[in-house]
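2 protein chains.
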Amino acid sequence: MKSITLTMPLDMHLHLRDGEMLETVAPLTSYSFSGALVMPNLVPPVTTLDSVIEYKKRIKHAIGRDDFEPYMTLFYQNYTRPFLESVQDEITAIKLYPSGVTTNSEGGVSSFDIESMRETLEAMADLGIVLSVHGETNGFVMDREAEFMSVYEMLASNFPKLKIVMEHITTANAVEMLDRYENLYATITVHHLIITLDDVAGGMLRPHLFCKPIAKRPEDRAALLKIALEAHPKVMFGSDSAPHPKHTKESCGCGAGVFTAPIALQLLCEVFDAHDKLDNLQAFISDNAQQIYGICAEYKEVVLVKQDFVVPEMYGSVVPMRAGETLKWSIERVD
Amino acid sequence: MKSITLTMPLDMHLHLRDGEMLETVAPLTSYSFSGALVMPNLVPPVTTLDSVIEYKKRIKHAIGRDDFEPYMTLFYQNYTRPFLESVQDEITAIKLYPSGVTTNSEGGVSSFDIESMRETLEAMADLGIVLSVHGETNGFVMDREAEFMSVYEMLASNFPKLKIVMEHITTANAVEMLDRYENLYATITVHHLIITLDDVAGGMLRPHLFCKPIAKRPEDRAALLKIALEAHPKVMFGSDSAPHPKHTKESCGCGAGVFTAPIALQLLCEVFDAHDKLDNLQAFISDNAQQIYGICAEYKEVVLVKQDFVVPEMYGSVVPMRAGETLKWSIERVD
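Printed below as a string of structure tokens:
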């Protein structure tokens, strides 16, 4: 039977939430991943040393095992250098949200004034803290990421020593940016390698595929697929797995987020295998991220086999992508 | 108080459904409109003389008044000339659905083979039966209407005596077509004058604004607004009001359709008033349609006043557009 062994898989963009939801979803990721970059958009957002430490404790408690590292992040604000020095050992990145662009981003940046951001961004560059960015404007839904490119250009050119990760990119525009600035990197989700807006709103309306950034056009998906399949060294996997309880997804006015954590590796095998690029999955799922972030992940081996896996209808209160459907790959064991 | 009197309002694209839903929605339209072109996409679709006559009887029964005319349609198939002669007094138009593009369109046209359609379309032209078209391909959701333009061109140029109505147009592409072929006309909904894809999927996901064709880009809406507000003589109002029960709209995988029938006139007053074009509403809501279709509508006067109207949360089992919100215009009386 066809199989692949992935060592130290990393999810470099993950929403673990808090409380009961954290207890439900954290073990699903820690089972098959060595680590994950944990997003700070709680209510209220994670902005202090104490809140980082306490959140990490709650995550570790929810996981209950030692072979998984939650890489912590702060919610971007203009922080002072002394503060960043005090927190640098506890965080891997700072996540910047433009105000109002996604779930719990209301306290984000409302104008990109380079001078007011300079102290923070220069200190981050000096201290090796990565800037992780949700790159969308408040414009028309299909143009938001493309419109944000000028902000990436401004940030990348003004702070050439700062590592900037364009999170969950969805457009050919963002792909083109990658080779234009040395300090720009990107994460790609598994769902954006698979779906377009057609899957969300082309037939029936599909709330469980509704996310931000919204899935774009077929040519955008093709551009993402190309760099993921070749494991472009500046690109890494970030699931952006974002659980919402079923009742809030399937109601009038559902929130944005696709829940993929427990099926991400299986889906990625399916995608890479379909294009005969399984050999490149190790780099996309781990090596590139370790290189970009300069991290040394907890040792873990995940063996996947080409064998049907029926996705559960629910994990706790959450409906995963592909609920009830059969995937072509399954996890055989984790060592 | 600001007011307007609309005479003989017509809704030239309406879904009345059947059974209990028909009983709920038909009186809402017949109250304030003089007539409506009734879509034939029942299950099974309306394709015979008997089914037209029987459906019209059920509509008249549901309405229970004489000052409203349901203009009946057949579901497009390749019909013979003798059949069309036998049915011509009972129908106003034949509605063409490409197969699979919207609710109950499975029996529609799957390939546009002009020669196989020639007998039907030439007979329709001779008999003065209008061809009403849902103009979408099965392509990417944002491109479907634009991709269909070549079919309109083929139909319009091959059958210059046939009146062809591009139904519920949503793009600047369709607007441009209007002046290119003498025999092309269009209906525009009220919701496509108001919303874009942003309203459907830009913030939360809004199932009650999900319809086919899906709302497009801001520049498309601007093009529609321009010709509606000037009451371009080849353009008329068609609500495409399409009721679905609340539980099917607010579930995983909701159907397409916005329900506007009972608020359409109020919303149109709001839109035309906001652009200081109330004087053109009479032509858009009635005169153009009477001219294009060569019909003489039942006499009715609807007086609307600029006075707040709170839209009910539900009409029967159906949630209308703007449910619970306050519109700036209300119907004062119908004479």
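Listed in order, the protein sequences are those of chains A and B.
According to my numbering, the first sequence is numbered sequentially starting from 212.
According to my numbering, the second sequence is numbered sequentially starting from 212.
Just so it is clear, CB atoms sit at the ideal spot from N, CA and C, and this is done for glycine as well.
For residue i, which residues in chain A fall below 7 Å Cβ to Cβ?
| i | result |
| --- | --- |
| Gly413(B) | Val352 |
| Ile425(B) | Ala412 |
Under the assumption that residue i contacts residue j (Cβ atoms under 8 Å), give the Cβ distance between them as a whole number of angstroms.
| i | j | result |
| --- | --- | --- |
| Glu518(B) | Ser541(B) | Reading off the sequence, residue 518(B) comes out as Gln, not Glu. 5 Å between Cβ atoms; contact. |
| Tyr282(A) | Val257(A) | The Cβ separation is near 13 Å, so there is no contact. |
| Pro473(A) | Pro429(A) | Wrong, their Cβ atoms sit about 27 Å apart, outside the cutoff. |
| Leu233(A) | Arg269(A) | 6 Å |
| Val411(B) | Ala426(B) | 6 Å |
| Ser245(B) | Met219(B) | 4 Å |
| Ile274(B) | Ala304(B) | Their Cβ separation, rounded to whole angstroms, is 20 Å, which puts Ile274(B) and Ala304(B) out of contact at 8 Å. |
| Ser343(A) | Lys372(A) | Rounded, the Cβ-Cβ distance is 16 Å, inconsistent with contact. |
| Asp222(B) | Ala508(B) | That belief does not hold up - the Cβ atoms of Asp222(B) and Ala508(B) are roughly 11 Å apart, past 8 Å. |
| Ile302(A) | Thr291(A) | Wrong, their Cβ atoms sit about 15 Å apart, outside the cutoff. |
Taking residue i as the query, report the chain B residues whose CB atoms sit under 8 Å from its CB, ordered along the chain.
| i | result |
| --- | --- |
| Pro429(A) | Phe351 |
Taking C-beta pairs closer than 7 Å, name the residues in chain B that residue i reaches, listed in chain order.
| i | result |
| --- | --- |
| Asp337(A) | Near Asp337(A) there are no residues of chain B at all, since even the closest Cβ is about 38 Å away, more than 7 Å. |
Starting from the C-beta of residue i, find all residues in its chain whose C-beta is less than 6 Å away, skip the five residues before and the five after it, and write them out in chain order.
| i | result |
| --- | --- |
| Asn499(A) | Pro444 and Met447 |
| Asn369(B) | Ile325 |
| Asp546(A) | Glu512 |
| Leu489(A) | Ile215 and Phe483 |
| Gly319(B) | Tyr308, Pro309 and Ser310 |
| Ser262(B) | none |
| Asp229(A) | Leu253 |
| His455(B) | Gly466 and Gly468 |
Less than 8 Å between C-beta atoms, sequence neighbours within five positions excluded: which residues of the same chain meet that for residue i?
| i | result |
| --- | --- |
| Glu524(A) | Val530, Ala534 and Gly535 |
| Thr313(A) | Asn252, His345, Glu347, Lys423 and Ala467 |
| Met296(A) | Looking at the sequence shown, residue 296(A) is not Met but Glu. Closer than 8 Å at the Cβ level, and outside the excluded window around Glu296(A), lie Ala334 and Leu338. |
| Val469(A) | Thr400, His402, His419, Leu420, Phe421, Cys422, Asp451, Ser452, Ala453 and Met532 |
| Leu225(A) | Thr240, Ala247, Leu248, Val249, Met250, Gly449, Ser450, Asp451, Ser452 and Ala472 |
| His573(B) | Here chain B has residues from 212 to 546 only, and residue 573(B) is not among them. |
Just to confirm my understanding: we take residue i, look at its own chain, exclude 5 residues before and 5 after, and list those with CB closer than 7 Å. What are they?
| i | result |
| --- | --- |
| Glu481(A) | Leu538, Lys539 and Trp540 |
| Ala367(A) | Ile375, Tyr392, Asn394 and Leu395 |
| Ala357(A) | Thr382 and Asn384 |
| Gly350(A) | Glu358 |
For a contact defined as C-beta to C-beta under 9 Å, what are the partners of residue i on chain A?
| i | result |
| --- | --- |
| Thr407(B) | Phe351 and Val352 |
Does DSSP put residue i in a helix, a strand or coil?
| i | result |
| --- | --- |
| Lys437(A) | helix |
| Tyr282(A) | strand |
| Ile270(A) | helix |
| Ala334(A) | helix |
| Ser214(B) | strand |
| Ser297(B) | helix |
| Leu235(A) | For the record, residue 235(A) in the displayed sequence is Thr; it is not Leu. Three-state DSSP puts Thr235(A) in a helix. |
| Thr303(B) | coil |
| Ile340(B) | coil |
| Ser322(B) | coil |
| Met360(A) | helix |
| Gly176(B) | The displayed coordinates of chain B run from 212 to 546. Any statement about residue 176(B) would go beyond what the structure contains. |
| Ile459(B) | In the sequence on display, residue 459(B) carries Thr and not Ile. Three-state result, Thr459(B): helix. |
| Leu248(A) | strand |
| His419(B) | helix |
| Thr398(B) | strand |
| Arg544(B) | strand |
| Tyr308(B) | coil |
| Val482(B) | helix |
| Leu227(A) | coil |
| Ile425(A) | coil |
| Tyr242(B) | helix |
| Ser452(B) | strand |
| Glu387(B) | helix |
Counting only Cβ pairs nearer than 8 Å, list the residues of chain A close to residue i.
| i | result |
| --- | --- |
| Phe421(B) | Ala412 and Leu416 |
Give the interface partners of residue i over in chain B, defined as CB-CB distance under 9 Å, in chain order.
| i | result |
| --- | --- |
| Gly466(A) | Met415 and Leu416 |
Would residue i count as contacting chain D if we go by Cβ distances under 9 Å?
| i | result |
| --- | --- |
| Leu342(A) | Absent from the structure: chain D. Protein chains present are A and B. |
Measuring CB atoms only, is the segment 511-521 of chain B touching the segment 377-391 of chain B, in the sense that at least three cross pairs come out at less than 8 Å? no
With contact counted as at least three CB pairs below 8 Å, one residue from each stretch, are the segment 486-494 of chain B and the segment 416-424 of chain B in contact? no
Cβ pair count under 8 Å reaching 3, the segment 363-380 of chain A against the segment 397-414 of chain A: yes
Three-pair Cβ contact test at 8 Å for the segment 236-244 of chain B versus the segment 456-465 of chain B: no
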